[in-house]
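Peer 1:
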Amino acid sequence: MMETEQMAASCPAPDQTPVRSWLSSSSRGAPSHPPSRFSGDGVRYKAKLIGVDHVPDAPGHKMCWDSMMKLKGFEAAARKQGRHKQRVWLKVSSSGLRIVDERTGVSYTDCNSPKSLFLFVLA
Numbered sequence: 001m002m003e004t005e006q007m008a009a010s011c012p013a014p015d016q017t018p019v020r021s022w023l024s025s026s027s028r029g030a031p032s033h034p035p036s037r038f039s040g041d042g043v044r045y046k047a048k049l050i051g052v053d054h055v056p057d058a059p060g061h062k063m064c065w066d067s068m069m070k071l072k073g074f075e076a077a078a079r080k081q082g083r084h085k086q087r088v089w090l091k092v093s094s095s096g097l098r099i100v101d102e103r104t105g106v107s108y109t110d111c112n113s114p115k116s117l118f119l120f121v122l123a
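Numbering (the UniProt record's numbering), first residue to last: 1 to 123.
1) Put residue 105 into one of helix, strand or coil per three-state DSSP.
2) So within the stretch 42-104, which uninterrupted alpha helix (DSSP H) runs reach at least 4 residues, ignoring any that extend past its ends?
3) To the nearest angstrom, how far is the alpha carbon of residue 71 from that of residue 65?
4) Among the residues of its own chain, which have a CB less than 7 angstroms from the CB of residue 102, if the five just before and after it don't count?
5) Assign residue 48 to buried or exposed, taking buried as 16 or more other Cβ atoms, counted over all protein chains shown, within 10 Å of its Cβ.
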C-alpha cells in the first residue's frame, strides 16, 4: 500500500484536507538514519533458539552448514521428546549481540568484545 489521497464519492470542501491511507513497512523504505537505530540498547528481534555451537575457526560456509545441521538434528530429537524451542530476544546494537531468554530475562550470550564473531544468525 502506498500513501495516497483517498477520494470520496463526493468532492471534499476546499478547506478540508484529504484523508491519507496507512503506509506499509515495505513501501516506506529504510529509515533516514539506520545506524542510529542500533545505538544504545539497539534493536530487539523475537526468535527461537535451536542451539549454540562454538566452532574453532571460520574457514567457510561448509563448516557453518555442518554445525547448523548438527543443531537441527538435536532440535528434531528434542521435539520427538515433546520439548519446544526456547523463545528468546536477539538484541542487536552497535556494541554487539545479546541473546536474552524471553520468559526469565537471563542473558545467555553477551558478545560485545571485538574478538567475538558470529558466523550465522538465521531468522
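All C-beta atoms, glycine included, are put in the ideal place defined by N, C-alpha and C.
Peer 2: Well, looking at it:
1) Start at 1 with the first residue of the sequence shown, and residue 105 comes out as number 105. Coil, per DSSP.
2) 61-80
3) For the purposes of this step, residue 71 is taken as the residue at position 71 of the sequence shown. For the purposes of this step, residue 65 is taken as the residue at position 65 of the sequence shown. In a straight line, the C-alpha of residue 71 is about 10 angstroms away from that of residue 65.
4) Numbered from its first residue, the sequence shown carries residue 102 at position 102. So the qualifying residues of the chain are 87, 88, 89.
5) Within the sequence shown, residue 48 is the residue found at index 48, counting from 1. By the neighbour-count criterion, in which a residue is buried when 16 or more other Cβ atoms sit within 10 angstroms of its Cβ, residue 48 is exposed.
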